[in-house]
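Under this note's numbering, the letters of the sequence shown match residues 337 to 749, in that order. All C-beta atoms, glycine included, are put in the ideal place defined by N, C-alpha and C. Just so it is clear, the structure is predicted and the values come from calculations on it, not from any experiment.
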Amino acid sequence: MGSFSPEMLQELLPQYYKRLFPYSHFIKWLSYGNVDKNYLAHREFSFTLEGDIYLRYLTFTNQAEFETSLKKKCPIKIDIGAVYNGRATEHQRMTNFTPVERELVFDIDLTDYDDVRNCCSGASICEKCWRYMTVAVKILNSALTEDFGFSNILWVYSGRRGIHCWVCDPAARKLSGQARSAVAEYLQLVSGGDQVTRKVNLKGETGVHPSVERAVKIIKDGFQQLCLEDQDILGNGRWNKVLDLISDTDLKNDLEQTMQKHNSSVTRWNELNSKVSDYVNTRDWKKRKTSKAILKEIMLQFAYPRLDIAVSKGMNHLLKAPFCVHPKTGRICVPFDPLLVDKFNPEEVPTVSQLLDEIDKFTSTATEEQKKMKDYKKTSLKVCINVFEDFLANLGKSWKGELIAKSDESMEF
Ligand SMILES: [Zn+2]
């Protein structure tokens with residue numbers, strides 16, 4: 337049951353939008369407690385329709401308008417843009433039309449890991465390479481909460497091979513373009529691509545930044561399974577990518593011989609570890625090019641999150657909304673709990689056809705009373721909407737604060 341193929345999409349989407357899309361939650365989120373009455377109305381939405389038809393600069397003043405439009409147009413993709421200083425529908429008539437607020441967003445995609453991904457490439461993913469995403473979520477989530485103090489963070493599976501992160505704290509939404517760039521660059525140690533040259537340079541003879549140290553610790557926890565066992569980065573014909581990160585020729589040659597003497601990534605890594613440590617500890621730092629942080633640099637090079645920072649820097653960059661249906665996989669772009677990311681398996685995320693089947697199945701044995709329940713509660717989408725509800729409940733605390741501040745302001749008159 338429930339298997340999905342892309343040609344079914346046009347038939348299933350009307351039912352999804354009619355019965356399952358969580359309109360009230362979605363609009364509650366984007367209204368942000370109506371602290372600013374125009375917040376929703378000034379937001380840009382964009383729909384992609386079948387046949388590469390893009391509808392940009394759409395706006396909605398309330399849930400009913402949004403709901404009617406979705407049901408009528410059945411977009412294969414919904415994108416969320418910035419909040420502007422006026423309604424996006426009026427943008428051609430306004431001379432100073434400009435984005436004023438926007439969630440701080442991050443986009444991570446497994447295709448940016450293709451140079452360190454040996455199990456799959458391109459659009460395909462499996463449990464093994466998904467672990468890169470797990471590591472990315474842990475590292476980014478801890479940096480955003482501990483280094484920046486953000487607490488309203490929504491993590492969403494993109495439906496195929498990536499994840500999106502929406503930082504929704506009032507302070508994050510108010511960040512200027514320049515501040516967004518600074519945050520994105522602070523968080524970018526490694527960029528994706530095919531180059532095998534070293535991108536991480538910690539310059540660390542004495543110590544590295546605490547945020548980087550924390551990232552190393554997270555990577556270390558899963559390094560053996562992810563990089564050595566599953567991705568086999570020191571496998572035959574692969575170890576050069578690692579050795580190329582070492583600048584001292586004598587050390588590199590010695591390691592090359594060591595690699596040949598052993599036959600698994602795990603034993604090769606252990607040998608490399610002790611040889612490199614010996615080397616950096618017994619030579620004066622002025623007489624070697626390899627730094628004491630080299631092992632950390634290697635781990636970061638292979639497993640640190642690879643961000644598409646253009647998405648984070650731009651205030652008016654569009655990003656796919658949660659609860660879209662991925663047109664190729666049929667999977668729902670569901671929110672997930674970052675603290676339970678180890679348990680998140682993208683292959684278990686429900687597809688639109690599966691959800692519709694689940695409703696039918698439920699209905700066939702349900703009592704009259706049970707049939708009255710909202711349709712999503714009859715399906716496995718319920719758990720994902722619960723995650724979204726928890727996020728909204730936490731977000732509600734920030735609205736309260738803002739509303740109190742606002743009423744204090746008006747009291748002063
Ligand atoms: Zn894979």
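What does a CB cutoff of less than 6 Å around residue i pick up in its chain, not counting 5 residues either side in sequence?
i      : result
Arg534 : With a pLDDT of only 45 at Arg534, under 50, the local geometry of the prediction cannot be trusted, and the value read off the model is given with reservation. Same-chain partners within the cutoff: Leu581.
Leu564 : Ser601, Val602, Trp605
Ser457 : Asp450
Gln399 : Tyr359, Ile363
Ala741 : none
His361 : Phe724
Arg453 : Cys465
Arg355 : Asp711
Lys588 : Leu579, Ile582
Ser716 : Pro686
Tell me which residues share the same chain as residue i and place their Cβ nearer than 8 Å to its Cβ, disregarding the 5 neighbours each side in the sequence.
i      : result
Phe663 : Looking at the sequence itself, residue 663 is Pro, so the reference to Phe does not match. Only Pro342, Leu345, Ile412, Lys413 meet the Cβ criterion.
Lys510 : Glu437
Arg467 : Gly558, Gln561, Leu562, Asp566
Gly732 : Gly369
Val616 : Arg624, Thr626, Ser627, Lys628, Ile630
Could you tell me how far apart the beta carbons of residue i and residue j are, in whole angstroms, since I believe they sit closer than 8 Å?
i      : j      : result
Cys410 : Pro350 : 5 Å
Glu641 : Ile444 : According to the sequence provided, residue 641 is Pro. The question's Glu does not apply to it. That belief holds up - the Cβ atoms of Pro641 and Ile444 are roughly 6 Å apart, short of 8 Å.
Ile569 : Val471 : Not quite, the Cβ-Cβ distance comes to about 14 Å (not below 8 Å), so this is no contact.
Phe727 : Leu490 : 5 Å
Ile499 : Leu654 : That pair is no contact at about 17 Å.
Lys625 : Asp590 : So it is not a contact: roughly 14 Å between Cβ atoms.
Ser648 : Ala520 : 4 Å
Does the Cβ of residue i have 16 or more other Cβ atoms within 10 Å, making it buried, or fewer, making it exposed?
i      : result
Asp566 : buried
Pro682 : buried
Asp586 : exposed
Pro546 : exposed
Ala729 : exposed
Asp744 : exposed
Ala629 : buried
Glu684 : exposed
Gly485 : exposed
Gly529 : Residue placement at Gly529 cannot be trusted, given a pLDDT of 49 that sits under 50; the coordinates are not used to answer.
Ala657 : buried
Thr439 : A small correction: the amino acid at residue 439 is Glu; Thr does not occupy that position in the sequence shown. The residue is buried, with at least 16 neighbouring Cβ atoms inside 10 Å.
Ala646 : exposed
Ala518 : exposed
Arg497 : buried
Tyr712 : buried
Ser708 : The question names Ser, yet the displayed sequence has Lys at residue 708. Lys708 is exposed by the Cβ-count criterion.
Met595 : buried
Ile389 : exposed
Grab me the residues of residue i's own chain with a C-beta within less than 7 Å of its C-beta, minus the 5 sequence neighbours each way, in chain order.
i      : result
Glu386 : Gln346, Ile412
Ala551 : Ile475, Leu636, Tyr640
His598 : Arg604, Glu607
Asp678 : Thr470
Leu406 : Tyr353, Phe357
Val473 : Trp491, Ile499, Pro674, Val677
Thr397 : Leu376, Ala377
Phe659 : Phe357, Pro358, Phe362, Ile668, Cys669
Tyr493 : Ile499, Cys669, Val670, Phe672, Pro682, Val685
Val371 : Trp735, Glu738, Leu739, Lys742
Quick one: is the Cβ of residue i within less than 8 Å of any heavy atom of ligand 2?
i      : result
Lys464 : Because ligand 2 does not appear in the structure shown, any question about it cannot be addressed here, the ligands present being ligand 1.
Tell me whether the stretch 418 to 431 and the stretch 368 to 379 touch, counting them as touching only if at least three CB pairs, one residue from each stretch, are closer than 8 Å. yes
Runs of beta strand (DSSP E) wholly within the stretch 680 to 719 (minimum 3 residues, chain order): none
Could you say if the stretch 460 to 477 and the stretch 700 to 707 meet the contact criterion of at least three C-beta pairs nearer than 8 Å? no
Ignoring anything shorter than 3 residues or poking outside the stretch 457 to 522, list the beta strand (DSSP E) runs there in chain order. 489 to 493, 498 to 503
Counting pairs of beta carbons, one from the stretch 365 to 372 and one from the stretch 637 to 652, are three or more of them closer than 8 Å? no
Do the stretch 720 to 736 and the stretch 652 to 672 meet, that is, are 3 or more Cβ pairs less than 8 Å apart? yes
Unbroken alpha helix (DSSP H) runs of length 4 or more, entirely within the stretch 546 to 626: which are they? 546 to 559, 576 to 579, 585 to 597, 601 to 618
Quick one: complete alpha helix (DSSP H) runs, 4+ long, within the stretch 359 to 446? 359 to 367, 399 to 409
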